[in-house]
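J.:
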Amino acid sequence: MSFKKHGRQYDIVVLGATGYSGQLTAEHITVNLPSNLKWAVAGRSADKLKQLVSRCKDLNPHRVQPAIEICNLNNERVSELAKKTFCLITTVGPYALHGEYAFKACAEAGTHYLDCTPEVPWTLEMIKKYEATAKASGAWMIPQCAMESAPSDVLTWAVAEEVRSKFSSQVGDVVMDLHQLTSVPSGGTLATILNLFSQYPLKSLLQSIEPYALSPEPNNHPLPKRSCRSSLTGVYKVPGLPLLSTSISGKANEAIVFRTWGLLKQEPALQKEFYGPEFTYREFMHAPGFVRGMLMHYFITIGGYLLLLAPVRALMRQFVFKSGDGPDMEKARKEVIELRAVGKPASEAAGSKQVLGNLTYHGSMYYLTATFLAEAAASMLEEDDSPRLTGGVYTPACLGERYVNRLRGIGVEISTEIQEL
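Going by UniProt numbering, the sequence shown opens with residue 1, and the numbers climb by one from there.
Printed below as a string of structure tokens:
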């Protein structure tokens, strides 16, 4: 892998490296990225950073070890850090409280940026504030490049590419099924969810998850209508997939996939991958039976409204991991995520055929987060005679085939096949 020439002190800096996700990101870089990478770990605690560097050295003593950058969360210090590196990965959340320092600094400095936020209202806020700045500076800003929303985004991209390849057609309706997920959230994730409902009023939360709210362009093609029964019960059936119900992360992922649609339409270098004007996207979760699917739907719906109540959030904070902590790694290694997606060609020439896509990963979901972040940074660093991106707020799928292939090479199984209905 040859790096782009950039003249900065570092290729990659991991900010928040002593947190749960940050440590795993540093470990992934240590084990999997080129040994001559110039990088640093950044945070507020020198002692914790030294311990992390020592652990990285034990994992791979034959590589360039990370430098240590002490960085308090303020505009001046984060801006200094951003100017030192080609790419900044930040795992410091909740992002609605702590994330703007890094986003602003990278947009202004022309530094490529990655994070693992699931906070769609915050992502929308950052797009409105800093997209013009990032376009002017040339910074590639990719929020939600982790469990939310990289799996859904890259699998949708892969399905659309298969539709284009096999049917010479743009894609129509794509439905995503979070078929299996066995994971325990970290303290930082739970704190982020609770803070999201504290930080934003209901109106802002709902506006941010409207279809195409994050897209640079609207799409007037209507989403498929649900039956009255499906709307009432939350249970849904799609040809080629099992019984489906409401997904807890569906709206966050839909927002990013819809933004990808708009960016592929708008960006000159990406237009050949545009999904098409008839594209629609919906995301659900596997329902193990009609009754349980209905219960899942109401649990998620009612639970979301309960989190608007401050006493409920205060009670939940008593029972979650502290921020920075997370599930036991031995147990986490047994975790699994599987997504299935079906995509129909927009052209009627395909008849009763569609594309079935699958994304599967065995191992810690937080290590998967680290994988998505670190491999995205590596994709940004790779030498490219014809850069795909010029500057702005992008999505994981905008990194394209190079990113998908890097994920495949590191243990993320991504496959597509033709399905006869």
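By construction, the Cβ of each residue, glycine as well, lies at the ideal position given by its N, Cα and C atoms. Small disclaimer: the values here were computed from a predicted structure and weren't measured.
Taking 8 Å as the cut-off, does the stretch 357-373 touch the stretch 229-249 (at least 3 CB pairs, one atom from each stretch)?
T.: no
J.: Could you compute how far the alpha carbon of T301 sits from the alpha carbon of K4?
T.: The residue you call residue 301 lines up with position 301 of the sequence shown. The residue you call residue 4 lines up with position 4 of the sequence shown. Each residue's alpha carbon lies about 46 Å from the other.
J.: Measuring alpha carbon to alpha carbon, tell me which of A46, R388, E417 and Q144 ends up nearest A255.
T.: Walking along the sequence shown from the start, residue 255 turns up at place 255. Ranking the options by Cα distance to A255, first place goes to Q144.
J.: Over the uninterrupted alpha helix (DSSP H) stretch that includes F319, give me the two end residues.
T.: For the purposes of this step, residue 319 is taken as residue 319 along the sequence shown, with counting starting at 1. Looking at the DSSP string, F319 is not in any alpha helix (DSSP H), and its letter there is neither H nor E.
J.: Using the three-state DSSP reduction, which class does R282 fall into: helix, strand or coil?
T.: For this step, residue 282 is matched to residue 282 along the sequence shown. In the displayed model, R282 falls within a strand according to three-state DSSP.
J.: Could you tell me the distance, in whole angstroms, from the CA atom of R388 to the CA atom of N195?
T.: For this step, residue 388 is matched to residue 388 along the sequence shown. For this step, residue 195 is matched to residue 195 along the sequence shown. When rounded, the distance between both Cα atoms is 35 Å.
J.: Say whether the stretch 127-135 touches the stretch 153-165, bearing in mind that this needs 3 or more beta-carbon pairs closer than 8 Å, one atom from each stretch.
T.: No: fewer than three Cβ pairs fall under 8 Å.
J.: Which residues mark the beginning and the end of the beta strand (DSSP E) in which E348 is found?
T.: Stepping through the sequence shown from its first residue, residue 348 is reached at position 348. Boundaries cannot be given for E348, as no beta strand (DSSP E) includes it and DSSP labels it neither H nor E.
J.: Return helix, strand or coil for E383, following the three-state DSSP convention.
T.: On the sequence shown, position 383 is the one that residue 383 refers to. It is coil, neither helix nor strand.
J.: Determine the contact status of L295 and M176, defining contact as a CB-CB distance below 9 Å.
T.: By 1-based counting over the sequence shown, the position of residue 295 is 295. By 1-based counting over the sequence shown, the position of residue 176 is 176. Cβ distance not < 9 Å, so L295 and M176 don't count as in contact.
J.: Do T91 and G172 have their C-beta atoms closer together than 9 Å?
T.: Within the sequence shown, the letter at position 91 stands for residue 91. Within the sequence shown, the letter at position 172 stands for residue 172. No, Cβ-Cβ distance for T91 and G172 is not below 9 Å.
J.: Could you check if L15 is buried or exposed, using at least 16 other CB atoms within 10 Å of its CB as the buried criterion?
T.: For this step, residue 15 is matched to residue 15 along the sequence shown. It counts as buried.
J.: Taking Cβ to Cβ, would you say A346 is nearer than 9 Å to Q170?
T.: Within the sequence shown, numbered from 1, the residue matching residue 346 stands at position 346. Within the sequence shown, numbered from 1, the residue matching residue 170 stands at position 170. Yes, these two residues count as a Cβ contact at 9 Å.
J.: Does DSSP put M147 in a helix, a strand or coil?
T.: Mapped onto the sequence shown, residue 147 falls at position 147. Residue state, collapsed to three classes: coil.
J.: What residue does the alpha helix (DSSP H) around H6 start on, and which one ends it?
T.: As a working note, residue 6 is residue 6 in the sequence shown. Per DSSP, H6 belongs to no alpha helix (DSSP H) and is neither H nor E.
J.: In the DSSP assignment, find the unbroken beta strand (DSSP E) run with F361 in it and report its ends.
T.: Against the sequence shown, residue 361 aligns to sequence position 361. Just to set this straight, residue 361 is Tyr in the shown sequence, not Phe. From DSSP, the beta strand (DSSP E) with Y361 extends over K353 to H362.
J.: With which residues is G43 paired in a DSSP beta bridge?
T.: The residue you call residue 43 lines up with position 43 of the sequence shown. Answer is I70, bridged to G43.
J.: Looking at the structure shown, is I410 part of a helix, part of a strand, or coil, going by DSSP?
T.: Working through the sequence shown from its first residue, we reach residue 410 at position 410. Residue state, collapsed to three classes: coil.
J.: Is there contact between the stretch 303-317 and the stretch 270-289, where contact requires at least three CB pairs shorter than 8 Å?
T.: no
J.: Would A136 pass as a contact of T111 if the rule is Cβ separation under 9 Å?
T.: Position 136 of the sequence shown holds residue 136. Position 111 of the sequence shown holds residue 111. No, the pair does not count as a contact, with Cβ atoms beyond the cut-off.
J.: Tell me which same chain residues have a C-beta within less than 8 Å of the C-beta of V404, skipping the five on either side of it?
T.: Here residue 404 is taken as the residue at index 404 of the sequence shown, counted from 1. If you ignore the 5 residues before and after V404, its C-beta comes within less than 8 Å of the C-beta of V154, W157, A158 and I414, all in its own chain and listed in chain order.
J.: List the endpoints of the continuous alpha helix (DSSP H) containing Q180.
T.: On the sequence shown, position 180 is the one that residue 180 refers to. Taken as a continuous stretch (DSSP letters only), Q180 belongs to no alpha helix (DSSP H), being part of the beta strand (DSSP E) at V171 to L181.
J.: Does the stretch 240-249 come within contact of the stretch 201-208, defined as at least 3 CB pairs closer than 8 Å?
T.: no
J.: When the Cα of I89 is compared with those of V342, C116 and A96, which residue comes out closest?
T.: Residue numbering aside, residue 89 sits at position 89 when the sequence shown is read from its first letter. Checking every option, the nearest Cα to that of I89 belongs to C116.
J.: Short of 7 Å in beta carbon distance, which residues of its chain neighbour T123, apart from the five on each side in sequence? Order them along the chain.
T.: Counted from its first residue, the sequence shown places residue 123 at position 123. The answer, listed in chain order, is T117, P143, Q144 and L214.
J.: Would A269 and S183 be called neighbours here (beta carbons separated by less than 9 Å)?
T.: Position 269 of the sequence shown, counted from the first residue, corresponds to residue 269. Position 183 of the sequence shown, counted from the first residue, corresponds to residue 183. No, they are not a contact pair.
J.: If you draw a straight line from the C-alpha of I193 to the C-alpha of G93, how long is it?
T.: Here residue 193 refers to the residue found at position 193 when the sequence shown is read from its first residue. Here residue 93 refers to the residue found at position 93 when the sequence shown is read from its first residue. Approximately 10 Å, taken between the alpha carbons.
J.: According to DSSP, is L421 helix, strand or coil?
T.: As a working mapping, residue 421 is identified with position 421 in the sequence shown. The three-state reading of DSSP puts L421 in coil, since its state is none of H, G, I, E or B.
J.: With a Cβ-Cβ cutoff of 9 Å, do Q354 and L421 count as a contact?
T.: Position 354 of the sequence shown holds residue 354. Position 421 of the sequence shown holds residue 421. In this structure, L421 lies closer than 9 Å to Q354 by Cβ.
J.: Output the distance between the C-alpha atoms of G343 and N72, rounded to the nearest integer angstrom.
T.: Mapped onto the sequence shown, residue 343 falls at position 343. Mapped onto the sequence shown, residue 72 falls at position 72. Between G343 and N72, the C-alpha separation is close to 46 Å.
J.: For F290 versus T369, is the C-beta spacing smaller than 9 Å?
T.: Locating residue 290 in the sequence shown gives position 290, where the first residue counts as 1. Locating residue 369 in the sequence shown gives position 369, where the first residue counts as 1. Their beta carbons are not under 9 Å apart, which means F290 does not touch T369 by this criterion.
J.: Please look up how many angstroms separate the CB atoms of M141 and G400, rounded, as I've assumed it's under 8 Å.
T.: Counting from one through the sequence shown, the residue named residue 141 turns up at place 141. Counting from one through the sequence shown, the residue named residue 400 turns up at place 400. Cβ atoms of M141 and G400 stay farther apart than 8 Å, at about 16 Å.
J.: What are the boundary residues of the alpha helix (DSSP H) that includes S79?
T.: In the sequence shown, the residue the question calls residue 79 occupies position 79. Per DSSP, S79 belongs to the alpha helix (DSSP H) from N75 to K84.
J.: Taking the alpha helix (DSSP H) that Y95 falls in, what are its first and last residues?
T.: The residue labelled residue 95 in the question sits at position 95 within the sequence shown. Where Y95 is concerned, the enclosing alpha helix (DSSP H) stretches over Y95 to H98.
J.: For L52, I'd like the list of residues in its chain whose CB is within less than 7 Å of its CB, leaving aside the five on either flank, ordered along the chain.
T.: Your numbering for residue 52 matches position 52 in the sequence shown. The answer, listed in chain order, is A17, T18, Q23, A26 and V41.
J.: Measuring alpha carbon to alpha carbon, tell me which of P224, R229 and N219 ends up nearest L264.
T.: Here residue 264 corresponds to residue number 264 of the sequence shown, with the count starting at 1. That would be N219, whose Cα lies nearest to the Cα of L264.
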